[in-house]
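Student:
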Amino acid sequence: MSAHSLPESAAVWHGLEVDKALELLDSNADSGLTPQEVEQRLQKYGPNELEEQGGRSPWEILLDQFTNIMLLMLIGVAFISGFLDFLALQQGTLKPGEVPFKDTIAIMAIVILNGILGYVQESRAEKALAALKKLSSPSVRVIRNGKLTDVAGKDLVPGDVMLLEAGVQVSADGRLIEQSNLQVRESALTGEAEAVNKQAILTLPEDTSLGDRINLVFQGTEVVQGRAKVLVTNTGMTTELGKIATMLQSVESEPTPLQQRMTQLGNVLVSGSLVLVALVVGGGLIHDLVKGIGWKNLQELVEVSLSMAVAVVPEGLPAVITVTLALGTQRMVRHHALIRKLPAVETLGSVTTICSDKTGTLTQNKMVVQSVYTNQKTFRVTGEGYAPVGDFQLDGQKADLEEHPEISALLVACAVCNDSVLQKEAGEWAILGDPTEGALMTLAGKAGIEKDQWNSKLPRVSEFPFSSERKRMSVISQVEAVATGDPGMTGVDPVIAGFVDSKQYLMFTKGSPELTLARCTHIYLGDRSIPIDEEQHAQILAANDQMASQGLRVLGFAYKPLTEIPPEASEDTSENDLVWLGLVGMLDAPRPEVRAAVAECRQAGIRPIMITGDHQLTARAIALDLGIADADARVLTGQELQRMSDQEIEEQVDLVSIYARVSPEHKLRIVQALQRRGRFVAMTGDGVNDAPALKQADIGIAMGITGTDVSKEASDMVLLDDNFATIVAATKEGRVVYTNIRRFIKYILGSNIGEVLTIASAPLLGLGGVPLSPLQILWMNLVTDGLPALALAVEPPEPDVMQRPPFSPRESIFARGLGAYMVRIGIVFAIITIILMQWAYSHVQIATGEGLNPERWKTMVFTTLCLAQMGHAIAIRSNNQLTIEMNPLSNKFVLGAVVATTILQLMLVYVPPLRAFFGTHYLPFNELLICIGFSALMFVWIEGEKIFFRVMGKKNV
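For my numbering, add 59 to where a residue sits in the sequence shown, where the first one is 1.
#1: Which residues in the same chain have their Cβ closer than 6 Å to the Cβ of ARG320, if we skip the five residues on either side of it in sequence?
#2: Nearest by alpha-carbon distance to ALA247: which of ILE273, GLU299 and GLN150 is it?
#3: On a Cα-Cα basis, can you pick out the residue from SER937, GLY978, GLY885 and LEU941 that is closest to TRP838?
#4: Kindly indicate the opening and closing residues of the alpha helix (DSSP H) around ALA750.
#5: In three-state terms, what does DSSP make of VAL382?
#6: Taking buried to mean at least 16 other C-beta atoms within 10 Å of its own C-beta, is PRO864 buried or exposed?
#7: Take LEU481 as the anchor and find which of ALA503, HIS463, ALA468 and GLU465 has the nearest alpha-carbon.
#8: Quick check on the DSSP output: what are the complete alpha helix (DSSP H) runs of length 4 or more inside the segment 456-486, in order along the chain?
#9: State yes or no: is the C-beta of LEU1017 within less than 7 Å of the C-beta of GLY644?
#10: Following the continuous alpha helix (DSSP H) through LYS510, name the residue where it begins and the one where it ends.
#11: Looking at C-alpha atoms only, which residue of GLY507, LEU584, GLY992 and PRO856 is the closest neighbour of THR922?
#12: Is GLN731 near VAL740, with beta carbons less than 7 Å apart?
#13: With burial defined as no fewer than 16 other Cβ atoms inside 10 Å of the residue's Cβ, what is the status of TYR969: buried or exposed?
#14: To the nearest angstrom, how far is the alpha carbon of ASP78 from that of ALA784?
#15: Since VAL210 sits in a beta bridge, which residues does DSSP pair it with?
#16: Where does ALA995 fall in DSSP's three states?
#17: Measuring alpha carbon to alpha carbon, tell me which residue in GLU792, LYS530, SER526 and ILE466 is nearest LEU499.
#18: Are there three or more Cβ pairs, one per stretch, closer than 8 Å when the segment 397-412 is compared with the segment 580-599?
#19: Return helix, strand or coil for GLY497, following the three-state DSSP convention.
#20: Taking 8 Å as the cut-off, does the segment 157-173 touch the segment 131-146 (at least 3 CB pairs, one atom from each stretch)?
#21: If you count every other CB in all the chains shown that lies within 10 Å of the CB of TRP118, and 16 or more means buried, which is it?
#22: Looking only at its own chain, which residues have a Cβ that is under 8 Å from the Cβ of LEU263, when we skip the five neighbours before and after it?
#23: Do ARG720 and GLY697 have their C-beta atoms within less than 7 Å of each other?
#24: For GLN904, I'd like the list of residues in its chain whose CB is within less than 8 Å of its CB, leaving aside the five on either flank, ordered along the chain.
#25: Need the endpoints of the alpha helix (DSSP H) that TYR806 sits in, please.
#26: In the DSSP assignment, what residue or residues form a beta bridge with CYS579?
#27: On the DSSP bridge assignment, give the partners of PHE567 in chain order.
#28: Consult DSSP for ILE708 and reduce its assignment to one of helix, strand or coil.
#29: Whose C-beta lies closer than 7 Å to the C-beta of ALA285 among residues of the same chain, with five residues either side of it excluded?
#30: Would DSSP call PRO359 helix, strand or coil?
#31: Mapping the DSSP letters down to three states, classify MET742 as helix, strand or coil.
#32: Between the segment 655-674 and the segment 784-804, do at least 3 Cβ pairs fall closer than 8 Å?
#33: Which residue from THR292, ASP219, LEU344 and MET221 puts its Cα closest to that of PRO822?
#34: Say whether the segment 886-900 touches the segment 806-822, bearing in mind that this needs 3 or more beta-carbon pairs closer than 8 Å, one atom from each stretch.
#35: Which of helix, strand or coil does DSSP assign to ARG720?
#36: If you drop the 5 nearest sequence neighbours on each side, which residues of the same chain put their C-beta closer than 6 Å to that of GLU265?
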């Protein structure tokens, strides 16, 4: 068969017999491919590598920062200002001591600084694909031309015959040809930590979910146990790992709510400014033409328009927002949440839906035994994690184990038929080995049965390892005599005295309850074994079904006395005539703090959803326990999702809160469906399979402890403790950050509107010159506005921040009265300052004297605007509480910023070098007092508004 006749599209390999798969790929299980066939297939399929699509270059990212409409306007202002300075320099009309181009340099410095800030936030290149590539094995053992050979992983082709053994990483997707006791850890792909037992002989239905395709192996997974011969079916971008890479690169990054609101703000400010500039310049020109002055005052009108353009742009806002988000990041780290992308801090506050993985996030990622069934009784087991501390409860009461000897016998089997080790490390109980066996060790420890003690009483002499065909394992132990202190005993520990029956060896068996029970002829009751009857058999199966329906993983235990060690490979004959001991049901138990976090989510109007690769019964049990879903809640499985269209999924996502046995593309489709429904989605994940959905979600949250590098690189936030409760704490912090951002936006823009109206009024009132230069406006926007705004950014949270639904992520920045507040306060600012300006202009014509410059009325306007902002900062801390009702030390930074900014402003008036640079003039003390008096009116007005709204029974914005 030529390379051209090989299958183009992916066959359903798990649904094919081995021989059919070999035939499709024209390969031989014993001799593999020839070198010529390998070369042809490399030409057809390409190397076994993940391909990277081109993204934006660093230069493109940097240039994109300067397409912001506000920065473009500032660049235009800088060039016009520079051109006017150049003309003045050529004509020799510069004032004595005036530095040319200082406005241009200052404005361009702000533009460049803002561009760099944006670049730093955006230029963190996505390294998720690079992390995916690390999962590819560098070399692999294959059969080619009938010989064993090692080749580079990238040189594998479909049809190759690959050999696997314990410890190797699978280099490509493949169909098992043969296998021996093969266990593969697929957690990187499916998110579930438990190793999967693989079987080559099976053929599976076409709609079998990824986690249940036990006749296939997948690239990037790890062989834990056994060996296998595998037919390579998919390489490169056609592997399951490659599909994830494709999805990862196809996800478009959407702007965050804050970025959208800042874009909207820029558009409104710039368009409003241009309209106002056109009105002022046009009105001024018409006025001059009517008076017959002509174009004489055109330069003055252009200078006014330049000042207005600079005044309308809040140059300090990007820096203040960046610092605010950075401070929020630091606070979140204290809550064990690491923010990778700054805008994510505020975005968290907009979350309406949290899609959480189950294992390790909602649960402890530790198997914990919940129930034990023996002698027709079900015992509930208490305790957390791997700590061997807890009780056995029967009918809600603590049980005395001495009254139930069959439990102690069962627990000995749990400890002896076990390969794990329970130990204490740095004050924490941990296990070495399989989590399921670790749970059994913890269970035995809760009854005081320790493996070390029983290793001396029942030393292991042989074993039958677990196999996926038998679904059980057995260990053979020699019965050692111990000093019992009771002359009536035979020297055997009393717990197993009923087992021995003069035999020298005991075989303990654990595994699938149904298959183990089928091998039993007796049952252990009290302290002896009796023949098992049909009723007891049926009761045990019913108890097994009951445990399984609760989502528990159930194991059955049995034993058999032996006179000699059975020969190797005799498990089929030796594991017969067993004595039944009981059932043990375990679960990856919920984290205790998650229940309260889920309840807080619901109170805050946030909907939690569980999306897991685990079985639906387990998922339902955990979801019910945590309050994520009700008892009659529907569970959607991966098989059902596979058959549904995007439209059908969209109709279901608001109704379903539990998704089980899902694959990577299902997670992505669920997130996209929620987003189409207008939900703002946070998605958690730890595996490679989660990366596309993490990137698609509005907030991608990776696990810090169990998370893969791929998931972390695709995420916006990393949970350092892998805890769902941390997400809720971070969401609260996000809401606080957004509230504070709104607070300082209305603080900054209220004064900016006042500045614009003040500047626009000067030529209309017939005052000579522009009251504020671009440099002075930059000072106000960066220092006078910036420092108090930073202080407002650390205002503590309001008490009801998590007792209300999230604000719509699509709401305008001007929503909920903020726009009206800014306009109202801006007009009040302007009225106060215009009255002061009119009075000052007239006053300086009269109050002349040595050292007093007639242009100082402009400095009085400048100082009044700056000091009025200080009163604004103090009053705006609360929307509804009066300043005298608040603790002034609850935000010491505001007081500090007000004092520091006032001192800096006075230095501009009274320190000669600063006076010369900023173009201000000396003010006598009485004129300074007048400025302070007018400034205080701003504080009085805002406090008066609070009283007015309180009297009217309304909440201020």
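The beta-carbon is built from N, C-alpha and C at its ideal position, and this holds for glycine as well.
All values derive from a computational prediction rather than experimental measurement.
Tutor: Based on what the coordinates show:
#1: Residue numbering aside, residue 320 sits at position 261 when the sequence shown is read from its first letter. ILE872.
#2: Against the sequence shown, residue 247 aligns to sequence position 188. Distances from the alpha-carbon of ALA247 to those of ILE273, GLU299 and GLN150 put GLU299 closest.
#3: The residue you call residue 838 lines up with position 779 of the sequence shown. Among SER937, GLY978, GLY885 and LEU941, the Cα nearest to that of TRP838 belongs to GLY978.
#4: Taking the sequence shown and counting its residues from 1, the one referred to as residue 750 is at position 691. Start and end: 750-755.
#5: The count along the sequence shown starts at 1 and reaches residue 382 at position 323. Three-state DSSP puts VAL382 in a helix.
#6: Position 805 of the sequence shown holds residue 864. Its Cβ having fewer than 16 others within 10 Å, PRO864 is exposed.
#7: Taking the first residue of the sequence shown as 1, we reach residue 481 at position 422. Residue ALA503 is the option with its Cα nearest to LEU481.
#8: 464-475
#9: The structure shown does not extend to residue 1017, since the chain is modelled only from 60 to 1016, so the question has no answer here.
#10: Position 451 of the sequence shown holds residue 510. First-last of the alpha helix (DSSP H) with LYS510: 510-516.
#11: Here the question's residue 922 lines up with position 863 in the sequence shown. Comparing Cα-Cα distances from THR922 to each of GLY507, LEU584, GLY992 and PRO856, the minimum goes to GLY992.
#12: The residue given as residue 731 occupies position 672 in the sequence shown. The residue given as residue 740 occupies position 681 in the sequence shown. No, these two residues do not count as a Cβ contact at 7 Å.
#13: Indexing the sequence shown from 1 puts residue 969 at position 910. Exposed, because fewer than 16 other Cβ atoms sit within 10 Å of the Cβ of TYR969.
#14: One-based indexing of the sequence shown puts residue 78 at position 19. One-based indexing of the sequence shown puts residue 784 at position 725. Taking the straight line from one Cα to the other gives about 51 Å.
#15: As a first step, residue 210 is located in the sequence shown; it is residue number 151 there, counting from the start. VAL199, per the DSSP bridge assignment.
#16: Taking the sequence shown and counting its residues from 1, the one referred to as residue 995 is at position 936. Three-state DSSP puts ALA995 in a helix.
#17: Translated into the one-based positions of the sequence shown, residue 499 becomes position 440. Distance from the Cα of LEU499 is smallest, within the candidate group GLU792, LYS530, SER526 and ILE466, for ILE466.
#18: no
#19: As a first step, residue 497 must be located in the sequence shown, where it is residue number 438. Correct three-state label for GLY497: helix.
#20: yes
#21: The residue given as residue 118 occupies position 59 in the sequence shown. That one is exposed.
#22: Here the question's residue 263 lines up with position 204 in the sequence shown. Contacts found: HIS73, GLY74, ASP271, ARG272, ILE273 and ASN274.
#23: On the sequence shown, position 661 is the one that residue 720 refers to. On the sequence shown, position 638 is the one that residue 697 refers to. Going by C-beta atoms, ARG720 is nearer than 7 Å to GLY697.
#24: For the purposes of this step, residue 904 is identified with residue 845 of the sequence shown, where counting begins at 1. Excluding residues within five positions, the ones whose Cβ falls inside 8 Å are PRO913.
#25: As a working note, residue 806 is residue 747 in the sequence shown. From DSSP, the alpha helix (DSSP H) with TYR806 extends over 783-823.
#26: If you number the sequence shown from 1, residue 579 lands on position 520. In the DSSP output, where bridge partners are listed per residue, CYS579 has LEU637.
#27: On the sequence shown, position 508 is the one that residue 567 refers to. The partner list for PHE567 (beta bridge, DSSP) reads VAL534 and TYR618.
#28: To locate residue 708, count along the sequence shown from 1; it is residue 649. Three-state result, ILE708: helix.
#29: The sequence position of residue 285 within the sequence shown is 226, counting from 1. Note that residue 285 corresponds to Gly in the displayed sequence, not to Ala. ALA225, GLN238, SER239, ASN240, LEU241 and GLN242, listed in sequence order.
#30: Counting from one through the sequence shown, the residue named residue 359 turns up at place 300. Contrary to the premise, residue 359 reads as Glu rather than Pro in this sequence. Correct three-state label for GLU359: helix.
#31: Counting from one through the sequence shown, the residue named residue 742 turns up at place 683. Note: MET742 maps to strand in three-state DSSP.
#32: yes
#33: Here residue 822 refers to the residue found at position 763 of the sequence shown. When only C-alpha atoms are compared, the closest one is LEU344.
#34: yes
#35: For the purposes of this step, residue 720 is taken as residue 661 along the sequence shown, with counting starting at 1. Coil, per DSSP.
#36: As a first step, residue 265 must be located in the sequence shown, where it is residue number 206. Closer than 6 Å at the Cβ level, and outside the excluded window around GLU265, lie VAL71 and GLY74.
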